[in-house]
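One structure is given below, encoded as structure tokens.
Protein chains: 2
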Amino acid sequence: MQIQWKPDKSKSDYIQDQIIQYFKAKISSGSWPVGTRLPSERKLAEQFEVNRSTISHVLDELKARGIMASYGSKGTYVFNNTWSLMQQPDWNRHIESSLYKPNHKMIQQINKYEFQEGIIRLGTGELSPDLFPKDIMKALLIEASESVLALGYEENLGQLKLREAISQHLTTLNIKASPDQILITSGALQALHLISIGLLQFGSNVYVESPSYLKSLYTFQSAGMRLQGIPMGNEGLDVDQLRSIYKRKEGNLLYTMPTFHNPTGIVMSDENRLKLMELVNAYQIPVIEDDAYRALWLDTPPANPLKSLDPNGHIIYVGTLSKTFAPGIRVGWVTGPQTVIERLGDLKMQLDYGTSSLSQFVALKWFEHGYHELYGADLRAKLLDRRNHMVAALKRHMSPYGKWEVPTGGFYIWFVLNKKINSSVLFERALKNNILLNMGHIYDFKENHALRLSYAYASKSEIDQGIEIISRLIQAL
Amino acid sequence: MQIQWKPDKSKSDYIQDQIIQYFKAKISSGSWPVGTRLPSERKLAEQFEVNRSTISHVLDELKARGIMASYGSKGTYVFNNTWSLMQQPDWNRHIESSLYKPNHKMIQQINKYEFQEGIIRLGTGELSPDLFPKDIMKALLIEASESVLALGYEENLGQLKLREAISQHLTTLNIKASPDQILITSGALQALHLISIGLLQFGSNVYVESPSYLKSLYTFQSAGMRLQGIPMGNEGLDVDQLRSIYKRKEGNLLYTMPTFHNPTGIVMSDENRLKLMELVNAYQIPVIEDDAYRALWLDTPPANPLKSLDPNGHIIYVGTLSKTFAPGIRVGWVTGPQTVIERLGDLKMQLDYGTSSLSQFVALKWFEHGYHELYGADLRAKLLDRRNHMVAALKRHMSPYGKWEVPTGGFYIWFVLNKKINSSVLFERALKNNILLNMGHIYDFKENHALRLSYAYASKSEIDQGIEIISRLIQAL
Ligand SMILES: Cc1ncc(COP(=O)(O)O)c(C=O)c1O
Ligand SMILES: Cc1ncc(COP(=O)(O)O)c(C=O)c1O
Numbered sequence: 001m002q003i004q005w006k007p008d009k010s011k012s013d014y015i016q017d018q019i020i021q022y023f024k025a026k027i028s029s030g031s032w033p034v035g036t037r038l039p040s041e042r043k044l045a046e047q048f049e050v051n052r053s054t055i056s057h058v059l060d061e062l063k064a065r066g067i068m069a070s071y072g073s074k075g076t077y078v079f080n081n082t083w084s085l086m087q088q089p090d091w092n093r094h095i096e097s098s099l100y101k102p103n104h105k106m107i108q109q110i111n112k113y114e115f116q117e118g119i120i121r122l123g124t125g126e127l128s129p130d131l132f133p134k135d136i137m138k139a140l141l142i143e144a145s146e147s148v149l150a151l152g153y154e155e156n157l158g159q160l161k162l163r164e165a166i167s168q169h170l171t172t173l174n175i176k177a178s179p180d181q182i183l184i185t186s187g188a189l190q191a192l193h194l195i196s197i198g199l200l201q202f203g204s205n206v207y208v209e210s211p212s213y214l215k216s217l218y219t220f221q222s223a224g225m226r227l228q229g230i231p232m233g234n235e236g237l238d239v240d241q242l243r244s245i246y247k248r249k250e251g252n253l254l255y256t257m258p259t260f261h262n263p264t265g266i267v268m269s270d271e272n273r274l275k276l277m278e279l280v281n282a283y284q285i286p287v288i289e290d291d292a293y294r295a296l297w298l299d300t301p302p303a304n305p306l307k308s309l310d311p312n313g314h315i316i317y318v319g320t321l322s323k324t325f326a327p328g329i330r331v332g333w334v335t336g337p338q339t340v341i342e343r344l345g346d347l348k349m350q351l352d353y354g355t356s357s358l359s360q361f362v363a364l365k366w367f368e369h370g371y372h373e374l375y376g377a378d379l380r381a382k383l384l385d386r387r388n389h390m391v392a393a394l395k396r397h398m399s400p401y402g403k404w405e406v407p408t409g410g411f412y413i414w415f416v417l418n419k420k421i422n423s424s425v426l427f428e429r430a431l432k433n434n435i436l437l438n439m440g441h442i443y444d445f446k447e448n449h450a451l452r453l454s455y456a457y458a459s460k461s462e463i464d465q466g467i468e469i470i471s472r473l474i475q476a477l
Numbered sequence: 001m002q003i004q005w006k007p008d009k010s011k012s013d014y015i016q017d018q019i020i021q022y023f024k025a026k027i028s029s030g031s032w033p034v035g036t037r038l039p040s041e042r043k044l045a046e047q048f049e050v051n052r053s054t055i056s057h058v059l060d061e062l063k064a065r066g067i068m069a070s071y072g073s074k075g076t077y078v079f080n081n082t083w084s085l086m087q088q089p090d091w092n093r094h095i096e097s098s099l100y101k102p103n104h105k106m107i108q109q110i111n112k113y114e115f116q117e118g119i120i121r122l123g124t125g126e127l128s129p130d131l132f133p134k135d136i137m138k139a140l141l142i143e144a145s146e147s148v149l150a151l152g153y154e155e156n157l158g159q160l161k162l163r164e165a166i167s168q169h170l171t172t173l174n175i176k177a178s179p180d181q182i183l184i185t186s187g188a189l190q191a192l193h194l195i196s197i198g199l200l201q202f203g204s205n206v207y208v209e210s211p212s213y214l215k216s217l218y219t220f221q222s223a224g225m226r227l228q229g230i231p232m233g234n235e236g237l238d239v240d241q242l243r244s245i246y247k248r249k250e251g252n253l254l255y256t257m258p259t260f261h262n263p264t265g266i267v268m269s270d271e272n273r274l275k276l277m278e279l280v281n282a283y284q285i286p287v288i289e290d291d292a293y294r295a296l297w298l299d300t301p302p303a304n305p306l307k308s309l310d311p312n313g314h315i316i317y318v319g320t321l322s323k324t325f326a327p328g329i330r331v332g333w334v335t336g337p338q339t340v341i342e343r344l345g346d347l348k349m350q351l352d353y354g355t356s357s358l359s360q361f362v363a364l365k366w367f368e369h370g371y372h373e374l375y376g377a378d379l380r381a382k383l384l385d386r387r388n389h390m391v392a393a394l395k396r397h398m399s400p401y402g403k404w405e406v407p408t409g410g411f412y413i414w415f416v417l418n419k420k421i422n423s424s425v426l427f428e429r430a431l432k433n434n435i436l437l438n439m440g441h442i443y444d445f446k447e448n449h450a451l452r453l454s455y456a457y458a459s460k461s462e463i464d465q466g467i468e469i470i471s472r473l474i475q476a477l
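Shown next as structure tokens:
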């Protein structure tokens, strides 16, 4: 191989770069195909009139990128001429070696298909646009426009007035939490993320109901925590099982949804709540109580939160406006011992400097004007009707294929199939029919043949149509 | 020691818990003071009519909590009767062993004092409430109230229309980014957090200017990355230094603020930009370009972003409305290769399910109605006036004590003291005089005696008053 070129010494700083560029140009233009042997380092140094160490440095760099390789003593040769290797940082390698896990494939698909036109969303965990309180929102935004806020960076824990309103709201649930024990978050999800980075460690055990919404989220798993499933029955999680598998270690804790559990809809019985709190106190188990669906009782109001039975500060209690008002406003809250809340608030300053002030203002007025109760009542009536509608559709079409309990609140019916089916096949076939299903296995620790159905999102006619189609698909399988 | 009590076998599941509760009651009531020796395991087993293994288990549990201890063969005794040990999970141990670092102490203090009445904020990185575009916000909120949005969970990357508007905006900076290469974030800060968990790894090197705003944030450090400072001069970061210290490894990257750098106000020269891009291309260095202050030029518009010189996708470009409109709306954006944006968007679904829809709507209309340009012009005039005012005050009072360059944009004057001072003492004395200072060392890698002054927040009279007091405090030191 003959090399004529020399680096331009007049821009002396750049010699190495010039040589790299020269090599890359030769390789990418095809002049030096893969396999081409390079002259020895000594020869190259002579030709380029540079130190041998400069040449070594350049060759090391090209080897590190996978463009060149060497056969021991036999010198260096061209190993790869992929354009992208030579031009772009290899972002995929960055991604693969980085800290967090990508979401579950099926969750990614669900996230995507939810925004496809004409799809019937039979499992979506969100209120239908029909159930959005348009007039209230309009009034709140007009009020906001009149108060014309100066929207600076917010206080650490969120707007004081909103924290006061939430403190007030919590007293109605028999929870005593002063405003400085409350942190405003961007949805309940962010509270969980903050807990994962602010209280737990890599390898911590998070005990959760099996199945659990948390299994479908990767918030904890991504940060390196292990989820441990605890079986549950109609009374909620099996406290004896928890006792027997729980390991005390800082960073281990229980995550539970005692009221209108996602995905099963189960409400923990009063007796089981007391039994759980007895264990929590005896073993000093730290607990996250996720109470996202509380306001949505359909038959009778549920028992007060576990947090109301927690004078000793074992429980971190999480709430949200997503299920009762609107997810897009992204307002949630978390309360617990002050040390914990301060810690989470400090970390929020490393994540996003606080929740949107517009959203906080709207949330404040939502509470101040009593809409949380007023609209809650309205919504419950509408959801009750939808629940009954879906139950009727299930009775008509699905009785031969599985079982379900009628939920007394929340959004979900957990439909357990009688026979094993191939989850992915059902999911795909439903999609072909423009139906999006939340398959049960994304929430579970063991194989399951269940569906998380939601009566909150699809319209009644979509529910009828969707359930009928699904029943036919299941029959065919 | 005589024990009369026995566990109640009729609730057989709870024997262990009953024994633990009994022991705790004895200790916390003071009946068994610290040092009390317990009967042997055998005797306890006899008395309680349980297996010895049950007793071992209970004692192990109490030892693990630090309540009991044992002297080898000499049996078990009461070691600690602290009420909190016995009653509460030890949240401090959870916090200390958890993943993230707390913020810098001085940053925590600054975050707190910013919300104290009557304080003069001489270093705050935020527009004064006087500079808030009240009328525009009012109009936008009225428009929002009329569109009465159904606020569902949002698409992965954020509202399509807003991404289109930002794509449009970026073309004015000569950046080509299609809407699916743009992710809406809750401020630029969240983009950084997403990058830290989605592209970098524990131990990654993040090269940054020294000093750098990033040093004062713990977003990267908390996730386990190491910041490496690169000296900078009046032309921006020293590219030769970067070349000589940069180590190629997935997860390593450069974070830079070429335009109106925080905290120094420096703008990278055109020549240096080209030199940097040559190195970036030659070494395939992944780069985060943080362009938070771009719109705020005071003399002449700055050079286009580095990103406009990046056909090969080395640069992840970050922008925000915080510095030009309002931080409280929490809207930022990040653009880069599509693989990267999809990755960050996927992870955002593990953090907070998307940025407030209200904020996104307001941001959309801000761009659509051209306020970004219109109000930008207004704001620049006002900031120019404030800058000149602060420079005049510095000339009057501070010339003997240090040096500064007059910034051509952004918020900050980097005031370098002539003599070494004790930073914390100056900070504290200023606070006593109701002045909040952002001390330079929180941004730096080496000792420094500098102040980050901001002409954006304090009123003109506060600037006069504040600078005068500070000059006296410095003289006294
Ligand atoms: C049990 C539970 N917790 C938390 C969330 C997250 O809600 P948010 O929108 O408040 O982040 C959901 C949403 O589906 C949920 O079902
Ligand atoms: C350079 C720089 N980047 C990012 C941010 C964070 O801004 P945001 O409010 O958009 O999160 C700031 C705020 O001070 C900043 O100065």
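Sequence order for the protein chains is D and R. The first sequence: position 128 = 128 (full-length UniProt numbering), numbered continuously. The second sequence: position 114 = 114 (full-length UniProt numbering), numbered continuously. Glycine residues also receive a C-beta, built at the ideal position from the N, C-alpha and C atoms.
A Cβ-Cβ contact shorter than 9 angstroms links MET257/R with ALA292/R.
No residue range can be given for PHE411/D, since it is assigned to no beta strand (DSSP E) and is classified by DSSP as neither H nor E.
With respect to chain R, the C-beta atom of ASP291/D has no partner C-beta closer than 9 angstroms. Against chain D, a Cβ distance below 9 angstroms from GLN228/R picks out nothing, because the smallest value is about 17 angstroms. Each of GLY125/D, GLY187/D, ALA188/D, LEU189/D, TYR213/D, MET257/D, ASN262/D, ASP290/D, ALA292/D, THR320/D, SER322/D, PRO327/D, GLY332/D and TYR353/R has a C-beta closer than 6 angstroms to some heavy atom of ligand 1; these make up the full list, in chain order. Within chain D, no residue has its CB atom less than 8 angstroms from the CB of TRP32/R, the nearest being about 18 angstroms off. DSSP lists no beta-bridge partner residue for LYS395/D. Distance from the C-beta of TYR317/R to the nearest heavy atom of ligand 2 is not below 8 angstroms. A direct Cα-to-Cα measurement between SER308/D and TYR207/D gives close to 21 angstroms. Among the residues of chain R, those whose CB is under 7 angstroms from the CB of ASN92/D are THR339, following chain order. By the Cβ-count criterion, VAL34/R is exposed, with fewer than 16 other Cβ atoms from all chains shown falling within 10 Å of its own Cβ. Between the stretch 153-166 of chain R and the stretch 280-287 of chain R there are fewer than three C-beta pairs closer than 8 angstroms, too few to call the two in contact. For LEU99/D, the secondary structure class from DSSP, reduced to helix, strand or coil, is coil. Interface criterion not met: the Cβ of ARG452/R is under 9 angstroms from no Cβ in chain D. According to the DSSP assignment, ALA69/R belongs to the beta strand (DSSP E) that extends over 68-70. Legend: CB atoms of the stretch 174-199 of chain R lying less than 7 angstroms from CB atoms of chain D belong to residues SER186, GLY187, LEU189, GLN190, HIS193, ILE197, GLY198 and LEU199.
Under DSSP, TRP297/R shares a beta bridge with GLY409/R.
Residues of the stretch 388-408 of chain D with a C-beta less than 8 angstroms from any C-beta of chain R: none at all.
Taking GLN181/R as reference, the option from TRP333/R, PHE427/R, GLN18/R and TYR100/R with the minimal CA-CA separation is TRP333/R. Taking GLU126/R as the centre and dropping the five residues before and after it, the same chain places the C-beta of PRO327, ALA456 and TYR457 closer than 7 angstroms to its C-beta, in chain order. The CB of ALA165/D never comes closer than 7 angstroms to any CB in chain R; the least such distance is about 18 angstroms. For LYS134/D, the neighbours in chain R by C-beta distance under 8 angstroms run, in chain order, VAL148 and ALA150. Between PRO133/R and MET349/R, the alpha-carbon positions lie close to 32 angstroms from each other. In this structure, LEU358/D has its CB at a distance of at least 8 angstroms from all heavy atoms of ligand 2.
In its chain, beyond the 5 residues on either side, ILE442 have a beta carbon closer than 6 angstroms to the beta carbon of MET106/D. Residue-level contact check: MET349/R touches chain D, since one or more beta carbons of chain D fall below 9 angstroms from its beta carbon.
At a cut-off of 9 angstroms between C-beta atoms, ALA377/D does not count as an interface residue with respect to chain R. Assignment of ASP290/R by DSSP, reduced to helix, strand and coil, places it in the strand class. Taken through DSSP and simplified to helix, strand or coil, ASN205/D comes out as strand. Judged by DSSP in its simplified three-state form, PRO231/R adopts strand. Among the residues facing chain D, GLN284/R is included, as its CB has a counterpart in that chain under 9 angstroms away. GLY75/D: not part of any alpha helix (DSSP H); DSSP gives it neither H nor E.
Closest in alpha carbon position to GLN116/R, among ASN234/R, LYS382/R, TYR317/R and LEU436/R, is LEU436/R. Relative to ligand 2, even the nearest heavy atom lies 8 angstroms or more away from the CB of TYR457/D. In terms of CA proximity to ASP135/D, TRP366/D leads the group ASP444/D, TRP366/D and TRP404/D. The beta carbon of ILE15/R does not come within 9 angstroms of any beta carbon belonging to chain D, so the residue lies off that interface.
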